[in-house]
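Chains A and B, in that order, give the protein sequences. When the letters of the first sequence are read in order and numbered with this note's numbering, they come out as residues 32 to 303. When the letters of the second sequence are read in order and numbered with this note's numbering, they come out as residues 178 to 465. Below is one structure, written out as structure tokens; comments come after it.
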Amino acid sequence: MESTSKSKFVSFLVSLFYILFLLAPIYWLVNMSFKTNGEIVSTMTLWPHQPTLANYVRIFTDESWYSGYINSLKYVIINTVISIAVALPAAYAFSRYRFLGDKHLFFWLLSNRMAPAAVYALPFFNLYSAIGLFDTPWAVALAHCIFNIPLAVWILEGFVSSVPREIDETAFLDGYSFPRFFVKILVPLIASGIGVAAFFCFMFSWVELLLARTLTSVDAKPISAVMTRTVSAAGMDWGLLAAAGVLTIIPGALVIWFVRNYIARGFALGRV
Amino acid sequence: MEKTWNNKAWFMVLPVLVLVAFSAVIPLMTVVNYSVQDSFGNNQFFWAGTQWFEETLASSRFWDALQRNLLFSFIILVIEVPLGIFIALNMPKKGLGVPVCLVLMALPLLIPWNVVGTIWQIFGRVDIGLLGYSVDALGIDYNYVKDPVDAWVTLVIMDVWHWTSLVVLLCYAGLVSIPQAYYQAAKIDGASRWSVFRYIELPKMKRVLLIAVLLRFMDSFMIYTEPFVVTGGGPGNSTTFLSIDLVKMAVGQFDIGPAAAMSIIYFLIILLMSWVFYTVMTSSDAQA
Numbered sequence: 032m033e034s035t036s037k038s039k040f041v042s043f044l045v046s047l048f049y050i051l052f053l054l055a056p057i058y059w060l061v062n063m064s065f066k067t068n069g070e071i072v073s074t075m076t077l078w079p080h081q082p083t084l085a086n087y088v089r090i091f092t093d094e095s096w097y098s099g100y101i102n103s104l105k106y107v108i109i110n111t112v113i114s115i116a117v118a119l120p121a122a123y124a125f126s127r128y129r130f131l132g133d134k135h136l137f138f139w140l141l142s143n144r145m146a147p148a149a150v151y152a153l154p155f156f157n158l159y160s161a162i163g164l165f166d167t168p169w170a171v172a173l174a175h176c177i178f179n180i181p182l183a184v185w186i187l188e189g190f191v192s193s194v195p196r197e198i199d200e201t202a203f204l205d206g207y208s209f210p211r212f213f214v215k216i217l218v219p220l221i222a223s224g225i226g227v228a229a230f231f232c233f234m235f236s237w238v239e240l241l242l243a244r245t246l247t248s249v250d251a252k253p254i255s256a257v258m259t260r261t262v263s264a265a266g267m268d269w270g271l272l273a274a275a276g277v278l279t280i281i282p283g284a285l286v287i288w289f290v291r292n293y294i295a296r297g298f299a300l301g302r303v
Numbered sequence: 178m179e180k181t182w183n184n185k186a187w188f189m190v191l192p193v194l195v196l197v198a199f200s201a202v203i204p205l206m207t208v209v210n211y212s213v214q215d216s217f218g219n220n221q222f223f224w225a226g227t228q229w230f231e232e233t234l235a236s237s238r239f240w241d242a243l244q245r246n247l248l249f250s251f252i253i254l255v256i257e258v259p260l261g262i263f264i265a266l267n268m269p270k271k272g273l274g275v276p277v278c279l280v281l282m283a284l285p286l287l288i289p290w291n292v293v294g295t296i297w298q299i300f301g302r303v304d305i306g307l308l309g310y311s312v313d314a315l316g317i318d319y320n321y322v323k324d325p326v327d328a329w330v331t332l333v334i335m336d337v338w339h340w341t342s343l344v345v346l347l348c349y350a351g352l353v354s355i356p357q358a359y360y361q362a363a364k365i366d367g368a369s370r371w372s373v374f375r376y377i378e379l380p381k382m383k384r385v386l387l388i389a390v391l392l393r394f395m396d397s398f399m400i401y402t403e404p405f406v407v408t409g410g411g412p413g414n415s416t417t418f419l420s421i422d423l424v425k426m427a428v429g430q431f432d433i434g435p436a437a438a439m440s441i442i443y444f445l446i447i448l449l450m451s452w453v454f455y456t457v458m459t460s461s462d463a464q465a
């Protein structure tokens, strides 16, 4: 079996090189975040020769920086909770029933996931200014619903459909009311699906910049907007920018382990 | 399994309907409203009819941006799809390597888009970035800020870095669903590596591959944040894609009418593609 061990080695090399290609730019960002600006600008060093935590200390002590993270987390969490709460009953309806216009509705939801944020930037600005939500986490949270609710519906629909219908029927025969069946039986059965949907809502809200930046100015400024402002500030503070970038990667990196087997399903809108 | 006909299910869909309508229909009507009016400020609007649509469709600015977008999406697909399939085929199928590969490969997908831009903005710089510095050290004249070709190369590599993993993960999900018996049968028949791929693996991946292609096409067609951070649409207009141009027009120059008309044309293109996407996906659902 010499040929298979050889081909296994080639496979290993392919995976290895691809992962190295993915990690190199991230490593460079981490590397820079531990350097002083003097070292970044003056010499090309593959690792920090005078490692410093100053960039991180600055972010955790300067309110204009750390409040950016808090603001981002606020709208991301509000958005995730809203999206899952409204998507659950809808996913059940789409999975179990046929009703007037269901297919059109499903398509319309999908079309919103595909709509370019740039189209909505200006009207959102006007809409949320008019109802007094501009520059609050609620504005961004509601705006992000446009792509997260369809995503949550699609993912959850897949998970609900994998629960046999006999379970519903047995529960109703046993005298469960619909809300009680939903909370006591269905939700625990698709708990992993809810976790996955929540992860993807969290993620897509976290990575979005255009709407978050357009809908906030001072009080609710997300971290991504704080970062773009610093880029243009007098003199490039590369180390600080890199440290801020590293901190935005951490939430995703922490939770990804728990959803590793569902990643493909989430990106495919629940269709794998 | 037959679904039961029940119009009361509408009540369960209602919250979704209300919320998405609030976030999608109202703003869209505002855009339609703007697209047929002219404004001289002070919130005074005048009926402009189809003027903005005619202007947009006649302007080279719109067609140039559209062409750039199509070219970009085309290059992205040609590189990412074969590369994604190739890597998925070479990924470990069992053991500890599987979760490690999955997690490491998914990492770029979870990075905020502006940070992706920042990473490549830094990585590609000749003075402080590893990539720019290495390329420069090889004696190749490279500067993504000044040279349009270099800017394009940087954006394409960035997108390959950012999104190829999506294709890999989807293909991998298709590959692991193939029963071992198929491979054993192929081995007994003495099938070559190519025919195993062509007649066993590719048909099984067809469904996920379609999703990957359509998602990549649509997302690259709406790309905004990453090129905005790296090149800002420049040098000149060489990397000004539709989204970037639109935001420039609407927020930067406050040309609401033309921007709205362009939004609607842009949106109709996307809607058409979503329809293709939906048809393909639901018909493959029916097959599965």
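We put the beta carbon where it would ideally sit given N, CA and C, even for glycine.
Taking 7 Å as the cut-off, the beta carbon of S236 of chain A is found no closer than this to the beta carbon of V117 of chain A.
Chain B has a Cβ within less than 7 Å of the Cβ of R129 of chain A. The beta carbon of M268 of chain B sits closer than 6 Å to those of C278 and Y349, all from its chain and outside the five residues before and after it, given in chain order.
Taking C-beta atoms under 8 Å as the contact rule, P276 of chain B and R291 of chain A qualify, at a distance of about 5 Å.
Note on geometry: alpha-carbon atoms of R370 of chain B and I50 of chain A lie some 24 Å from one another. If you check each beta-carbon in the segment 259-276 of chain B against every beta-carbon of chain A, the ones closer than 9 Å belong to L260, F263, I264, L266, N267, M268, P269, G274, V275 and P276. Within chain B, V193 have C-beta atoms less than 8 Å from the C-beta of V184 of chain A, given in sequence order. Taking each of A:F43, A:V227 and A:W269 in turn and checking the Cα distance to L266 of chain B, the smallest one comes out for A:F43.
Contact annotation: R127 of chain A and W182 of chain B have beta-carbon atoms that are not nearer than 7 Å. The Cβ neighbour count for Q430 of chain B, taken over all protein chains shown within 10 Å, is under 16; the residue is labelled exposed.
Apart from sequence neighbours up to five positions away, the residues of its chain that approach D432 of chain B with a beta-carbon distance below 7 Å are M426, ordered along the chain.
Ranked by how close their Cα comes to the Cα of P380 of chain B, the residues B:D366, B:L391 and B:Y359 have B:Y359 in first place.
Listed along chain B, the residues sitting closer than 8 Å to V72 of chain A by beta-carbon distance are D304 and I305. D324 of chain B and S95 of chain A have their alpha carbons spaced roughly 35 Å apart. With a cut-off of 8 Å on Cβ pairs, the segment 170-177 of chain A is in contact with the segment 196-205 of chain B, counting three or more such pairs. Cβ proximity to chain A below 8 Å picks out G306, L307, L308 and Y310 from the segment 306-320 of chain B. Each of A:N62, A:V112 and A:V45 was checked against the Cα of F230 of chain A, and the nearest Cα belongs to A:V112. When the beta-carbon positions are compared, A186 of chain B and A124 of chain A come within less than 7 Å of each other. Taking a C-beta cut-off of 8 Å against chain B, the contacting residues of the segment 284-301 of chain A are A284, I287, W288, R291, N292, I294, A295, R296, F298, A299 and L300, listed in chain order.
For P289 of chain B, the nearest beta carbon of chain A is closer than 7 Å to its own beta carbon.
Considering only beta carbons, the part of the segment 320-335 of chain B lying closer than 9 Å to chain A consists of M335, in chain order.
If you check the CB distance, V218 of chain A and G297 of chain A do not come in under 7 Å. For T341 of chain B, the uninterrupted alpha helix (DSSP H) segment begins and ends at P325 to L352. Nearest to S248 of chain A by C-alpha distance, out of A:W78, A:F165 and A:R211, is A:F165. DSSP places T181 of chain B within a strand segment (E or B) once states are collapsed to three. CA-CA distance, I221 of chain A to E239 of chain A, rounds to 27 Å. Across the structure, N68 of chain A and H80 of chain A are spaced so that their CA atoms are roughly 12 Å apart.
For K364 of chain B, the uninterrupted alpha helix (DSSP H) run begins and ends at Q357 to I365, by DSSP. Closer than 7 Å to the CB of M145 of chain A there is at least one CB belonging to chain B. Per DSSP, W371 of chain B is one residue of the alpha helix (DSSP H) stretching across R370 to V373. Bridge pairing for Y151 of chain A: absent [DSSP]. Taking C-alpha positions only, V293 of chain B is separated from S208 of chain A by approximately 49 Å. Burial is judged here by how many other beta carbons sit within 10 angstroms of a residue's own beta carbon; N246 of chain B has at least 16 and is buried.
Using a CB distance cut-off of 7 Å, A121 of chain A counts as an interface residue toward chain B. At least one C-beta of chain B is nearer than 7 Å to the C-beta of S42 of chain A. When the beta-carbon positions are compared, P154 of chain A and V344 of chain B stay at least 7 Å from each other.
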